[in-house]
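Peer 1:
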Amino acid sequence: MTPNSSSRRAILKAGLTGATFIAAAPALILPSRAQGLAPTPSMRGGSNNYMPGAPVVSRIGGGGFWMTGTVRRAGDGAPLPGVRIQIWAHTTEGREDDKHSHGATLTAADGTFRLEMPQIIPIFGQPHGHLAYEGAGFKTVFLRPLMASARDKSLSAHFVLEPA
Amino acid sequence: MPPLRAGLIWAALALAIVVPVALATTSPFIAWRPAIYTAAGFAGIAAMALLLLQPLLAAGLLPGFPARPGRKVHRWLGLVLVGLILAHVGGLFLTSAPDVIDALLFASPTPFSPWGVVAMWAIFATALLAMLRERLRLGPVFWRLGHTALALVIVVGSVVHALLVEGTMEPWSKAALCLFALLATLKAVLDLRAWVLLRRRIRPGRA
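Protein chains in written order, with my numbering: chain A, 871 to 1034; chain B, -2 to 204.
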């Protein structure tokens, strides 16, 4: 699966970014990186309303919506277990900048994560969620995946982390 | 104009404005939004409705408002439009400042933001020109061509902005309101023929 394959727009964007990247490849990519998995860049607006240090929770609020994804290491693509991913969004239970809209979860042994949270609803013109990786060992990444439809009951986002 | 035709025009105009506003008030999203954000959204919807009225008033196309009194109302509604845009952007800023700062700096991930920001500056520029045009002794060529060009930027920018936003407006009534605003603007621009002044100035005596 490609990163952020959850929405058509994201796929188009990933395709465009990919095309740009391929066009610029000879000059930009280091030989050692060329054969490996490239790190996920932070998305525009991904860090908006971020509150560092959200606690690990079993569920954000009443739940009913699933945020899922994977975390892998750049280069060899090895799944990363025990990585803390922070999640927040505008939901039926609160705004992005409400503390109770934020929570974190840890990746399983296979590098996947899933956290139940309240239904995301569109804010600022697009239904979207926010995810962050911030910690020792890897460079910080902020994601802002879009939902294909405001009625979706889940959203996924994928991290490829670059060792710091 | 026969009263029946005038009545029909006003009825059609009222429908074009009331239906999208009424449908927006039934949006399920409103229940989960802070009041200030909802108010900011409705300021945007009201501004969109004004973009349908403004060209009709400017060109004297509304029954009961021929060109001269129509222009007077047009000028006042222009000020109201500036106020609505300030309320729209200000309300959004109070809801989520980082998202609005991104939009104003053209660094937003949302594709509709730059269209709205450009339309906003075009509205402010028009209001400024309208207020300063006597003091600066702007000639009719500069003023009319400038206002026409800015009006096109305002309406096209706002229409694209509104159509790309996924918000409280019901999509079909929003598209209809946008289409009517575009058509009214084109009709007014073609009727007022601002470019004729330019031809006259370049080739005196021929136009």
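We put the CB at the ideal spot given by N, CA and C, even for glycine. As the structure is a prediction and not an experimental result, all values here were calculated from the model.
Shortest alpha-carbon distance to Leu12(B) belongs to which of Leu189(B), Lys171(B) and Ile27(B)?
Peer 2: Taking the second sequence and counting its residues from 1, one reaches residue 12(B) at position 15. Of Leu189(B), Lys171(B) and Ile27(B), the residue nearest in Cα terms is Lys171(B).
Peer 1: Residues of chain A with CB closer than 8 Å to the CB of Thr107(B), please, in chain order.
Peer 2: Taking the first residue of the second sequence as 1, we reach residue 107(B) at position 110. Here the neighbours are Gly915, Phe994, Gly995 and Gln996.
Peer 1: Answer with buried or exposed for Gly888(A), where buried requires no fewer than 16 other C-beta atoms within 10 angstroms of its C-beta.
Peer 2: Counting from 1 along the first sequence, the entry for residue 888(A) is found at position 18. Residue placement at Gly888(A) is flagged as unreliable, the pLDDT there being 48, under the threshold of 50; a coordinate-derived value is accordingly withheld.
Peer 1: Within 10 angstroms of its Cβ, does Thr23(B) collect 16 or more other Cβ (buried), or is it exposed?
Peer 2: Position 26 of the second sequence holds residue 23(B). So Thr23(B) ends up on the exposed side.
Peer 1: Assuming Ile120(B) is part of the alpha helix (DSSP H), what are its boundary residues?
Peer 2: For the purposes of this step, residue 120(B) is taken as residue 123 along the second sequence, with counting starting at 1. Looking at the DSSP string, the run of the alpha helix (DSSP H) that includes Ile120(B) is Ser110 to Leu129.
Peer 1: Closest to Pro106(B) by CA distance: which of Leu1025(A), Asn918(A) and Ala1006(A) is it?
Peer 2: The count along the second sequence starts at 1 and reaches residue 106(B) at position 109. Checked all of Leu1025(A), Asn918(A) and Ala1006(A); the closest Cα to Pro106(B) is Asn918(A).
Peer 1: Could you please give the first and the last residue of the uninterrupted beta strand (DSSP E) stretch that includes Val828(A)?
Peer 2: No information on residue 828(A) is available, as it lies outside the stretch 871 to 1034 that chain A covers here.
Peer 1: Would you mind stating whether Leu1031(A) and Pro909(A) have Cβ atoms separated by less than 8 Å?
Peer 2: Within the first sequence, the letter at position 161 stands for residue 1031(A). Within the first sequence, the letter at position 39 stands for residue 909(A). Contact flag set, yes.
Peer 1: Quick test of the definition: if touching needs 3 or more C-beta pairs under 8 Å, does the stretch 160 to 178 of chain B touch the stretch 40 to 60 of chain B?
Peer 2: Verdict: yes, contact present.
Peer 1: Mind listing, in chain order, the continuous beta strand (DSSP E) runs of no fewer than 3 residues lying wholly within the stretch 22 to 64 of chain B?
Peer 2: Fully enclosed beta strand (DSSP E) runs of 3 or longer: not present.
Peer 1: Checking contacts by CB at 8 Å: is Gly87(B) closer than that to chain A?
Peer 2: As a first step, residue 87(B) is located in the second sequence; it is residue number 90 there, counting from the start. Cβ-Cβ to chain A under 8 Å: no for Gly87(B).
Peer 1: Under 8 Å, CB to CB, which of the residues in the stretch 152 to 170 of chain B have a partner in chain A?
Peer 2: Within the stretch 152 to 170 of chain B, the residues whose Cβ lies closer than 8 Å to some Cβ of chain A are Leu161, Val162, Glu163 and Gly164, listed in chain order.
Peer 1: To the nearest angstrom, how far is the alpha carbon of Arg1014(A) from that of Leu147(B)?
Peer 2: In the first sequence, residue 1014(A) corresponds to position 144, counting from 1. In the second sequence, residue 147(B) corresponds to position 150, counting from 1. Between Arg1014(A) and Leu147(B), the C-alpha separation is close to 34 Å.
Peer 1: Give me, in chain order, the residues of the same chain whose beta-carbon lies closer than 7 Å to that of Ala191(B); leave out the 5 immediate sequence neighbours on both sides.
Peer 2: Position 194 of the second sequence, counted from the first residue, corresponds to residue 191(B). So the qualifying residues of the chain are Arg141, Leu142 and Thr145.
Peer 1: What separation, rounded to the nearest whole angstrom, lies between the Cα atoms of Val216(B) and Met117(B)?
Peer 2: No answer is possible for residue 216(B): the residues shown for chain B start at -2 and end at 204.
Peer 1: Go ahead and label Glu131(B) buried or exposed: buried means 16 or more other beta carbons lie within 10 angstroms of its beta carbon, across all protein chains shown.
Peer 2: What you label residue 131(B) is simply residue 134 of the second sequence in a count that begins at 1. When all chains shown are included, Glu131(B) counts as exposed.
Peer 1: Just to confirm my understanding: we take Ala974(A), look at its own chain, exclude 5 residues before and 5 after, and list those with CB closer than 6 Å. What are they?
Peer 2: What you label residue 974(A) is simply residue 104 of the first sequence in a count that begins at 1. So the list reads Ala924, Val926, Arg954 and Gln956, once near-sequence residues are dropped.
Peer 1: Counting only the same chain and skipping the five closest in sequence on each side, list residues whose C-beta sits under 7 Å from that of Gly933(A).
Peer 2: Within the first sequence, numbered from 1, the residue matching residue 933(A) stands at position 63. Contacts found: Glu986, Met987 and Pro988.
Peer 1: Does the stretch 32 to 44 of chain B come close enough to the stretch 156 to 174 of chain B that 3 or more CB-CB pairs lie under 8 Å?
Peer 2: Flag = yes, the stretch 156 to 174 of chain B and the stretch 32 to 44 of chain B touch.
Peer 1: Can you name the residues of chain B whose CB is closer than 7 Å to the CB of Ile991(A)?
Peer 2: Position 121 of the first sequence, counting from 1, holds the residue named residue 991(A). Residues of chain B passing the Cβ test: Phe26 and Trp29.
Peer 1: Start and end of the beta strand (DSSP E) containing Ala974(A)?
Peer 2: Reading the first sequence from its first residue, position 104 is the one you call residue 974(A). Start and end: His972 to Leu976.
Peer 1: Please report how far the alpha carbon of Leu1016(A) lies from the alpha carbon of Leu81(B), in whole angstroms.
Peer 2: The sequence position of residue 1016(A) within the first sequence is 146, counting from 1. The sequence position of residue 81(B) within the second sequence is 84, counting from 1. Answer to the nearest angstrom: the Cα atoms are 29 Å apart.
Peer 1: Taking the alpha-carbon positions, what's the Pro(-1)(B) to Leu183(B) distance?
Peer 2: Along the second sequence, read from residue 1 onward, the residue named residue -1(B) stands at position 2. Along the second sequence, read from residue 1 onward, the residue named residue 183(B) stands at position 186. Computed Cα separation, rounded: 25 Å.
Peer 1: From this set, Ala46(B), Ala64(B) and Ile33(B), which residue's C-alpha is nearest Val156(B)'s C-alpha?
Peer 2: Numbered from its first residue, the second sequence carries residue 156(B) at position 159. Nearest C-alpha to Val156(B): Ala46(B).
Peer 1: What does Glu966(A) reach in chain B if we use C-beta pairs closer than 7 Å?
Peer 2: By one-based count along the first sequence, residue 966(A) stands at place 96. Neighbours of Glu966(A) on chain B, chain order: Ser93.
Peer 1: Closer than 6 Å by C-beta to Gly915(A): which residues in its own chain qualify, once you throw out the five before and the five after it? Chain order, please.
Peer 2: On the first sequence, position 45 is the one that residue 915(A) refers to. Within the same chain, Gly915(A) has close Cβ partners Arg1014.
Peer 1: Between the stretch 995 to 1015 of chain A and chain B, which residues of the former have CB atoms less than 7 Å from a CB of the latter, in chain order?
Peer 2: Of all residues in the stretch 995 to 1015 of chain A, Gly995, Gln996, Pro997 and Arg1014 have a Cβ within less than 7 Å of some Cβ in chain B.
Peer 1: Would the beta-carbon of Gly964(A) fall within 8 Å of that of Ser1026(A)?
Peer 2: Here residue 964(A) refers to the residue found at position 94 when the first sequence is read from its first residue. Here residue 1026(A) refers to the residue found at position 156 when the first sequence is read from its first residue. Cβ distance not < 8 Å, so Gly964(A) and Ser1026(A) don't count as in contact.
Peer 1: Taking C-beta pairs closer than 7 Å, name the residues in chain A that Ala104(B) reaches, listed in chain order.
Peer 2: Here the question's residue 104(B) lines up with position 107 in the second sequence. Those are Arg914, listed as they occur along chain A.
Peer 1: Since Ala215(B) contacts Leu89(B) with CB under 8 Å, what's their CB separation in whole angstroms?
Peer 2: Beyond the ends of chain B as shown, which are -2 and 204, falls residue 215(B); an answer cannot be given.
Peer 1: Tell me which residues share the same chain as Val7(B) and place their Cβ nearer than 7 Å to its Cβ, disregarding the 5 neighbours each side in the sequence.
Peer 2: Within the second sequence, numbered from 1, the residue matching residue 7(B) stands at position 10. Reading the sequence as shown, one finds Trp at residue 7(B) and not Val. Same-chain partners within the cutoff: Pro60.
Peer 1: How would you write the range of the alpha helix (DSSP H) that Val186(B) sits in, first residue to last?
Peer 2: Position 189 of the second sequence, counted from the start, is the residue given in the question as residue 186(B). Note, Val186(B): alpha helix (DSSP H), Pro168 to Leu189.
Peer 1: Below 8 Å between beta carbons: does that hold for Gly154(B) and Ala119(B)?
Peer 2: Residue mapping note: residue 154(B) aligns to position 157 of the second sequence, counting from 1. Residue mapping note: residue 119(B) aligns to position 122 of the second sequence, counting from 1. Yes; because the gap between Cβ atoms is below 8 Å, this pair is in contact.
Peer 1: Any beta-carbon of chain B closer than 8 Å to the one on Thr962(A)?
Peer 2: Here residue 962(A) refers to the residue found at position 92 of the first sequence. Yes, its Cβ sits closer than 8 Å to a Cβ of chain B.
Peer 1: Would you decide whether Ala32(B) is buried or exposed? Buried here means 16 or more other CB atoms lie within 10 Å of its CB.
Peer 2: For the purposes of this step, residue 32(B) is identified with residue 35 of the second sequence, where counting begins at 1. So Ala32(B) ends up on the exposed side.
Peer 1: Using only alpha-carbon positions, find the residue among Leu950(A), Ile993(A), Ser971(A) and His972(A) that is nearest to Thr982(A).
Peer 2: One-based indexing of the first sequence puts residue 982(A) at position 112. Here the closest residue by C-alpha is Leu950(A).
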